[in-house]
């Protein structure tokens, strides 16, 4: 459903090219792969767990870091500060490298070839999963909040923030960010409660 929603969004784009389009395409593909293999891991346990875990990590990486890059790619519309744009991009890249690589390695390490299942006694993966969720969830609201701050600053500078329609737009931006943060808090709570089956769909919902 989420992937179809993203695909329909493409028809609203005027140009099917550019950084924004290609990164969004990566995100939608990653979302589809992630949710497909979450479903297969839950309802088709006979599938090779090594293949399943590897593709889960591929989808997860494209979905999560790709979403941050999507948000970053539109930030230049409200912020002309090169150092700020570069700093945010560096944050996304560093977090992606430092978190996705060990997360993938630990995920593959949980594979038990004899039973074709994940080894429940392998604690490093469980710990890394929680760290990754916490770090990425903390990163996600940063870009929308900067976007919100810059938007308010521009509106104040142009003295049009007093208009009712503009105040309404700012209020909607605040509500959108509060919704994102609420979803992030729910995701962390589910992850730390070990409710993996409930938490996994929530991870994908963050990309909305």
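Numbering (UniProt numbering), first residue to last: 1 to 208.
Using N, Cα and C, we set each Cβ at its ideal position, and we do this for glycine too.
Small disclaimer: the values here were computed from a predicted structure and weren't measured.
Using DSSP with H/G/I as helix, E/B as strand and the rest coil, what is residue 68? Counting from 1 along the chain shown, the entry for residue 68 is found at position 68. Of the three classes helix, strand and coil, the one that applies to residue 68 here is helix, per DSSP.
C-alpha gap between residue 18 and residue 156, whole angstroms: Counting from 1 along the chain shown, the entry for residue 18 is found at position 18. Counting from 1 along the chain shown, the entry for residue 156 is found at position 156. Separation of residue 18 and residue 156 (C-alpha to C-alpha, rounded to the nearest whole angstrom) is 31 Å.
Helix, strand or coil, according to DSSP, for residue 294 in the structure here? In this structure the chain extends from 1 to 208, so residue 294 is not present and cannot be described.
Classify residue 117 as helix, strand or coil using the three-state DSSP reduction. Position 117 of the chain shown, counted from the start, is the residue given in the question as residue 117. Taken through DSSP and simplified to helix, strand or coil, residue 117 comes out as strand.
Helix, strand or coil for residue 96 per DSSP? Reading the chain shown from its first residue, position 96 is the one you call residue 96. DSSP, reduced to helix, strand and coil, places residue 96 within a helical segment of the structure shown.
Between residue 154 and chain D, is the shortest Cβ-Cβ distance under 8 Å, so that the two count as touching? Absent here is chain D; the protein component of the structure consists of one chain.
Closest by C-alpha distance to residue 54, when choosing among 105, 88, 23 and 99: Taking the first residue of the chain shown as 1, we reach residue 54 at position 54. For residue 54, the closest C-alpha among the options 105, 88, 23 and 99 is that of 105.
Under 8 Å between C-beta atoms of residue 34 and residue 60: Taking the chain shown and counting its residues from 1, the one referred to as residue 34 is at position 34. Taking the chain shown and counting its residues from 1, the one referred to as residue 60 is at position 60. Annotated as proximal: residue 34 and residue 60, with beta-carbon spacing under 8 Å.
Taking residue 19 as part of the alpha helix (DSSP H), name the residues at either end of that continuous run. Start at 1 with the first residue of the chain shown, and residue 19 comes out as number 19. Counting along the chain, the unbroken alpha helix (DSSP H) around residue 19 starts and ends at 19 to 43.
The alpha helix (DSSP H) enclosing residue 124, as first and last residue numbers: Locating residue 124 in the chain shown gives position 124, where the first residue counts as 1. Its alpha helix (DSSP H) spans residues 123 to 139.
Should residue 94 be labelled buried (16 or more other beta-carbon atoms within 10 Å of its own) or exposed? Taking the first residue of the chain shown as 1, we reach residue 94 at position 94. By the 10 Å Cβ count, residue 94 comes out exposed.
Can you list, in chain order, the residues of its chain with a C-beta nearer than 7 Å to that of residue 71? Leave out the 5 residues immediately preceding and following it. Taking the first residue of the chain shown as 1, we reach residue 71 at position 71. For residue 71, where only same-chain residues beyond five positions count, the Cβ hits under 7 Å are 143 and 144.
For residue 147, is the classification buried or exposed, using 16 other Cβ atoms within 10 angstroms of its Cβ as the cut-off for buried? Position 147 of the chain shown holds residue 147. Buried, because 16 or more other Cβ atoms sit within 10 Å of the Cβ of residue 147.
Three-state secondary structure (DSSP) of residue 48: Residue 48 sits at position 48 when you count from the first residue of the chain shown. Looking at residue 48 - three-state DSSP - the assignment turns out to be coil, as it is neither helix nor strand.
Residue 115 versus residue 140: straight-line alpha-carbon distance, rounded: Indexing the chain shown from 1 puts residue 115 at position 115. Indexing the chain shown from 1 puts residue 140 at position 140. Their backbone Cα atoms lie some 37 Å apart in a straight line.
Tell me whether residue 81 sits in a helix, a strand or coil according to DSSP, three-state version. Numbered from its first residue, the chain shown carries residue 81 at position 81. For residue 81, the three-state secondary structure derived from DSSP is coil.
With H, G and I counted as helix, E and B as strand and the rest as coil, what does DSSP make of residue 153? Your numbering for residue 153 matches position 153 in the chain shown. In the structure shown, residue 153 sits in a helix (DSSP, three-state: H, G or I).
Anticipated Cβ contact below 8 Å, residue 62 with residue 30, distance rounded: Here residue 62 is taken as the residue at index 62 of the chain shown, counted from 1. Here residue 30 is taken as the residue at index 30 of the chain shown, counted from 1. Yes, they are in contact, since the Cβ atoms of residue 62 and residue 30 sit about 3 Å apart, within 8 Å.
With a threshold of 8 Å on Cβ separation, who are the neighbours of residue 176 within its own chain once the five nearest residues in sequence on each side are excluded? Here residue 176 refers to the residue found at position 176 when the chain shown is read from its first residue. Around residue 176: 144.
Looking at C-alpha atoms only, which residue of 99, 52 and 73 is the closest neighbour of residue 20? The sequence position of residue 20 within the chain shown is 20, counting from 1. Of the candidates 99, 52 and 73, the one whose C-alpha sits nearest the C-alpha of residue 20 is 73.
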